[in-house]
Each structure stands twice: as C-alpha cells, then as structure tokens.
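Working notes for the structure below.
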Amino acid sequence: MRNAKFDLLAPLLLLLLLLPYVAFSEVDPDKQFRFLQEIYNRHDKNLSEFLVSELTQFTLLFPESERTPEAQYLIGKVHQEKGNKMAAFAAFLKTVYLYPGTTWKDESAKEARKIVMEEGAFKDTRTSLLAAWRVRAPAQRLQNAITIISN
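Count the sequence shown with the numbering used here and you get residues 16 to 166, in order.
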C-alpha cells in the first residue's frame, strides 16, 4: 500500500516541479520586455510598484537576455521618478556592477553620480563616494560605495 502511494505521488511531484519551467519556456523575453517598456513609457506612478516587481522578475527569469541590463537600469529610473533616491542609487550601482560591458553601465554610472551630487543625504560623504567611484575594479568600486553609505 505504501509503495502504491509513493508510485502515484512521485510522478505528480515531478510534474509539479516541471510546471514552472514549462510555463516560462514559451515566454519571449523580447516581447515581455517591450510590454514592460510600454508601461515604463507611460510614467504612471500608480504602476511603479508593479513595474519594479515585473522588471525585477524579468532580470531573474532572463539573466542572459540582452535586455536584462536595460531592465535593471529601468528599475533605477522608476525608483528615481518615484522620488526614492536611495533605492534608485542602489539599482544603478547594481547595473554598474553586474553589467560592466554595456552602455547601460555608463548610463547608470551617470545617474548614480547625479544622485550623489544632488541628494542631501550624500552631502557629508560626497567626496568619499566620488573617490570610491574612480576605482577601476567594479567589484571594489561597489564595495567602497556600499561601505561609505553604510557608515
């Protein structure tokens, strides 16, 4: 009796484990990103939480997509438009760190610098942050910036 239950549950468990893979295997990353880009282009603040959630999910589901660096950059832009400068700064730093060979790295670095220069919260640490940003190694640059912000 016990083996019969196991024999019945094993295929069911396997099916449940494969279901998410099958569900997302037919999703076209470019089509999904175009949809998210259209939502972003509306600049509707009522959709900002949804958009951040969906863009984050996009970066997790399609880490190898050529659109992933732009999705990460857009997360920062959504936070920035919403007025959440710290979250925007963190998202831009993440883009710089994870996607160093892309144009979105340069755009993110520019936006992060702009936040540092404009934001009062960084007033006391502005010089240290800008010096940390000049470090060549991306991992060390990010670590330096995080250390300065944390203190």
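Backbone N, C-alpha and C fix where the C-beta goes; we use that ideal spot for every residue, glycine too.
With a 10 Å radius around its C-beta and 16 neighbouring C-beta atoms as the bar for buried, classify Phe73 as buried or exposed. By the neighbour-count criterion, in which 16 or more other beta carbons inside 10 Å mark a residue as buried, Phe73 falls on the buried side.
Taking the C-alpha atoms as reference points, what is the distance between Thr79 and Val131? Looking at the sequence itself, residue 79 is Glu, so the reference to Thr does not match. Looking at the two C-alpha atoms, the distance is approximately 30 Å.
Give a yes or no on whether 8 Å exceeds the smallest Cβ distance from Ser68 to chain D. No chain D is present in this structure, which holds just one protein chain.
To the nearest angstrom, report how far apart Asn61 and Ala106 are at their CA atoms. When rounded, the separation of the alpha-carbon atoms in Asn61 and Ala106 is 20 Å.
Could you check the C-alpha separation between Glu85 and Trp119 for me, to the nearest Å? Rounded to the nearest angstrom, the two C-alpha atoms are 6 Å apart.
Evaluate Gly91 with the Cβ neighbour count: other Cβ atoms within 10 Å of its Cβ, from every protein chain shown; 16 or more gives buried, anything less gives exposed. buried
With the cut-off set at 8 Å, would you say Arg82 and Pro115 are in Cβ contact? No, Cβ-Cβ distance for Arg82 and Pro115 is not below 8 Å.
Hey, would you say Leu89 sits closer than 8 Å to Tyr112, going by beta carbons? no
Is it buried or exposed for Glu53, if we count other Cβ within 10 angstroms and need 16 for buried? exposed
Nearest candidate by alpha-carbon position, reference Leu76, set Val93, Phe48, Glu64: Phe48
In the DSSP assignment, find the unbroken alpha helix (DSSP H) run with Gly91 in it and report its ends. 83-97
Candidates Val67, Lys125, Arg57: closest to Asn99 by CA position: Of the listed residues, the one whose Cα sits closest to Asn99 is Val67.
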